[in-house]
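Number of protein chains: 2
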Amino acid sequence: LPHLLHGERATARKGLTSDVPVAWDGDGIEFIDQRALPREFVVLKARNVDDVVDAIATLGVRGAPAIGVFGAYGCALAAQQLGGTELERAFARIREARPTAVNLAWAVDRVRARADGDYLTEARTIHDEQVEMDRLLGESAIELFPSTGNVLTHCNTGPLATAGGGTALGAIVAAYRSGKSIAVFACETRPLLQGARLTMYELGQAGVPATLIVDSAAAITMRRKDIQLVIVGADRIARNGDVANKIGTYTHAIAAAYHGIPFYVAAPRSTFDFSLESGDAIPIEERRPEEVRIAEGDAVYNPAFDVTPGRLVTAFITEYGIIRPPYFESIPDLETRPNFLAAKRH
Amino acid sequence: LPHLLHGERATARKGLTSDVPVAWDGDGIEFIDQRALPREFVVLKARNVDDVVDAIATLGVRGAPAIGVFGAYGCALAAQQLGGTELERAFARIREARPTAVNLAWAVDRVRARADGDYLTEARTIHDEQVEMDRLLGESAIELFPSTGNVLTHCNTGPLATAGGGTALGAIVAAYRSGKSIAVFACETRPLLQGARLTMYELGQAGVPATLIVDSAAAITMRRKDIQLVIVGADRIARNGDVANKIGTYTHAIAAAYHGIPFYVAAPRSTFDFSLESGDAIPIEERRPEEVRIAEGDAVYNPAFDVTPGRLVTAFITEYGIIRPPYFESIPDLETRPNFLAAKRH
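Those protein sequences? They're chains A and B, same order as listed. Under my numbering, the first residue of the first sequence carries the number 1145, and numbering increases by one thereafter. Under my numbering, the first residue of the second sequence carries the number 1145, and numbering increases by one thereafter.
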C-alpha cells in the first residue's frame, strides 16, 4: 500500500477521529489516510514537505477544502524547518501538488501573505473557518429534512472532504443529530467509488443508517424507497444556479425532477463563481480512460463532472442560509452579504 | 480461470465467430467463453452434461435466449450419451442450471416434447428460429436510425446474449451494415459490467465505432454528444408497455425524455407478457450485496433490474415490426399476429 511509503503511522492520535481528519500536532500534521479507507483506518503523520506533497498528490488527503486546510498546515510545517529560498520553494511545491484544486492555491497564498510570519495561526484560522462554515451550513439545512424518511446522495462530501463537518454529508449528519429519523441511500459514484469507499464509511462512523446502491439504481430507488430529498455538493456554481459537480449529479437531478423530489445542493459561498453567467462556459474536464475501460484500446468518454441546470435545483444550502429561486436575484444577493468569518477575525 | 476447469479448449473452430457464439459440432457444443471476455477470446467445447450445466451455471454462456439455444443442444448431446432415467435426470439438471432463465426451461421442455426423439433437429430449429427472429428485428429497426449520428445503449444485447444477431445491439449493427454512419456510446452497466466487457467487445468485432462511459455519465453524454436515440433490450414487457430490464434502463429513459431523445426497446414477441396488465406487478429481483459493496457488512440495495413506464418508451422494435403507442391497442394487437416461425416449421 502506498501509505506505507511516505509519512509515518501515528501511534498516539488524540482527538483525531473521522470528524477531524486533519490535525496539527506540534511538529507535523496527522491525517486519516483516505487511500486505505474503508479497508483500514490508518492515521499518518506528515513530518516534512515531501510527506505533505505526497499525501496531496496521491490522494491520501482529498476533497478541495480538506486539501486547502492540509496545505495551509503544510506551509506552517515548512516554515518550522526551512527558510529563505528553500521555504519559498516549499510553498510553491505544496501549492502545485494538485494543480486543479482551487482551495489549495488559495490557502497557500493566504498563509504566505501573513505579514507577521505566524503561519501556524493563519493555518489554524483557515481550519477553524472551514469547521465554522460547515457547521453553519449544516444548521441551515436541518429545516429542509423531513422528520422521518430517506434521502439520496452522491459522491463524498463529508468531513474527509472538507476537514470540517462536510457539506451535503455534513447537512445529513446535522439533521440526523437534531433528532430526525432519516436513512441514506448512497450512490457508489463510478468510476472512483468515493460513495462506496468514503461516504459509507463516514455515515457508519456517524451512526447514520446507510445503504449503498449503484449509480444507475438511483431512479428505481427514488420510485420505490420513499426518497424525500436528494442532496449533493458542488465544485462550482454559476450566477444562474447551474452547478458543476461530480459526474452523475445531472442524471440524479433529472430523475429527482421526474419523481417530484426536491434536489438540494450544499456548498459554501466560496463555491459560487459570481463572475460566471451560466454553466455553459464551464469546460468538462475529462480524466484518464484507464479509470473506466476493461479492454486496452477501447475508446472512453470519462468526464470528471457534469453541469446541472439551475432550474433543476430546488435550493442551495450555504453557511448564509437557504438560497432559493429565482437565482438571478438570490445568487447576486448572496454575493453582497458581509463576510462574517472575516469580520470575526478582526 | 474457471474456463480451464471444465470443457476443453477447441482447436478447430470452423465458422465459430462472435456472430455465432454457440454451435453444434457433431459430438459436442462449441461456445465462446463469456467469462474470459474481453481479455481473452476462448472457445470451449462442452462434451457432456456436466460441461453443459457448468457453462450455464458459471456464466460461460449467458443471456436468456443464448442459454435457451445452448440448453437445447445440451439435451441433444445428453441423448447421444444417455438413455432412460439417466437421460431424464440430465434433462432436469440442464433445465435447472439457472432457475430464473425462462428461455432455458422452455427450450428443454420443447426438445423433450419432440415426439420422434430427434432432439438435435429440434435444437437446431430453436437456434434457427432465434437467428431468424433477431434478423427480422434488426431489419425492422433500420428505419429508426438516423443516416448519421450517435446512439446510446445499456448492458449487453448482442449475439453473445441471444446466439443470434442480438436484439438492441443487433439492431445497431444492422443499421450500421445498412450504410448508416452511426457511432455508439455504451454504458458500462454496473455492477456486472456487461457493457464494458461484452458490448464493447461485440461492437469492436462488428466494426462499429464505440465509446465506453460510466452509467451515470449518460445524461451529460445525451446533452453534449449528439445522441440521436437510445436503444435497449428487455427482460419482460407488460401489456401497457412497462418494461422490466437491466438496472439503469429506467434512469436512461427518464434522461432521454428530458432531452427529447427517442427511447426504443428492442425485443422479440416472446418477451411480451400479455397476461401482465402493468409493470407494477413485476417483483424487483435483488442480487447479492457482494456485487456492489467494498466494506464487508455495508448494507446494499442491489436490484438486478428496474421497470420503465411505457409512457417513456417511444416504440418497441420486434420481429413483427415497430410497435407504437397507444400500447393498450398495439400490444394486444401484437399478440394476435399469426406465428410465422411456427408456420414455417410445417
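Note that beta-carbon positions come from the ideal geometry of N, C-alpha and C, so glycine has one too.
First through last residue of the beta strand (DSSP E) which encompasses residue i
{"i": "residue 1408(B)", "result": "1407 to 1410"}
{"i": "residue 1438(A)", "result": "Element bounds for residue 1438(A): n/a, residue is neither H nor E."}
{"i": "residue 1462(A)", "result": "1459 to 1462"}
{"i": "residue 1255(A)", "result": "Segment 1246 to 1256 is the alpha helix (DSSP H) holding residue 1255(A); no beta strand (DSSP E) there."}
{"i": "residue 1167(B)", "result": "1166 to 1168"}
{"i": "residue 1422(A)", "result": "Note, residue 1422(A): premise wrong, no beta strand (DSSP E); not H, not E."}
{"i": "residue 1465(A)", "result": "1465 to 1467"}
{"i": "residue 1331(B)", "result": "1325 to 1331"}
Where residue i sits in the DSSP three-state scheme
{"i": "residue 1447(A)", "result": "strand"}
{"i": "residue 1203(B)", "result": "coil"}
{"i": "residue 1294(A)", "result": "strand"}
{"i": "residue 1358(B)", "result": "coil"}
{"i": "residue 1380(A)", "result": "strand"}
{"i": "residue 1414(A)", "result": "helix"}
{"i": "residue 1430(A)", "result": "strand"}
{"i": "residue 1391(B)", "result": "coil"}
{"i": "residue 1185(B)", "result": "coil"}
{"i": "residue 1156(B)", "result": "At residue 1156(B), the pLDDT of 35 sits below 50, so the modelled position is not reliable; the number obtained from the coordinates is stated separately. Looking at residue 1156(B) - three-state DSSP - the assignment turns out to be coil, as it is neither helix nor strand."}
{"i": "residue 1352(A)", "result": "coil"}
{"i": "residue 1339(A)", "result": "helix"}
{"i": "residue 1225(B)", "result": "helix"}
{"i": "residue 1308(A)", "result": "coil"}
{"i": "residue 1452(A)", "result": "strand"}
{"i": "residue 1174(A)", "result": "strand"}
{"i": "residue 1180(A)", "result": "coil"}
{"i": "residue 1190(B)", "result": "strand"}
Residue i at chain B interface by Cβ criterion, 7 Å
{"i": "residue 1450(A)", "result": "yes"}
{"i": "residue 1376(A)", "result": "no"}
{"i": "residue 1176(A)", "result": "no"}
{"i": "residue 1341(A)", "result": "yes"}
{"i": "residue 1444(A)", "result": "yes"}
{"i": "residue 1148(A)", "result": "Below a pLDDT of 50, predicted positions are generally treated as unreliable, and residue 1148(A), at 34, falls in that range; the measurement from the model is reported next regardless. Chain B contact via Cβ: absent."}
7 Å Cβ cutoff, residue i in contact with chain A
{"i": "residue 1476(B)", "result": "no"}
{"i": "residue 1381(B)", "result": "no"}
{"i": "residue 1358(B)", "result": "yes"}
{"i": "residue 1484(B)", "result": "no"}
{"i": "residue 1395(B)", "result": "yes"}
{"i": "residue 1344(B)", "result": "yes"}
{"i": "residue 1335(B)", "result": "yes"}
{"i": "residue 1355(B)", "result": "yes"}
{"i": "residue 1391(B)", "result": "yes"}
Residues that residue i contacts on chain A, provided the C-beta gap is smaller than 7 Å
{"i": "residue 1447(B)", "result": "1361, 1364"}
Listed by chain order, chain A residues near residue i by CB distance under 8 Å
{"i": "residue 1402(B)", "result": "1398, 1401, 1402"}
{"i": "residue 1332(B)", "result": "1334, 1436"}
{"i": "residue 1428(B)", "result": "1364, 1368"}
Neighbouring residues, chain B, relative to residue i (Cβ below 7 Å)
{"i": "residue 1182(A)", "result": "1438, 1439"}
Chain A residues whose Cβ lies nearer than 9 Å to that of residue i
{"i": "residue 1416(B)", "result": "Residues of chain A passing the Cβ test: none, with the nearest at roughly 21 Å."}
{"i": "residue 1329(B)", "result": "1445"}
Run of the alpha helix (DSSP H) containing residue i, from where it starts to where it stops
{"i": "residue 1551(B)", "result": "Any question about residue 1551(B) goes unanswered here, given that chain B covers just 1145 to 1490."}
{"i": "residue 1275(B)", "result": "1263 to 1285"}
{"i": "residue 1472(A)", "result": "1471 to 1480"}
{"i": "residue 1319(B)", "result": "1312 to 1321"}
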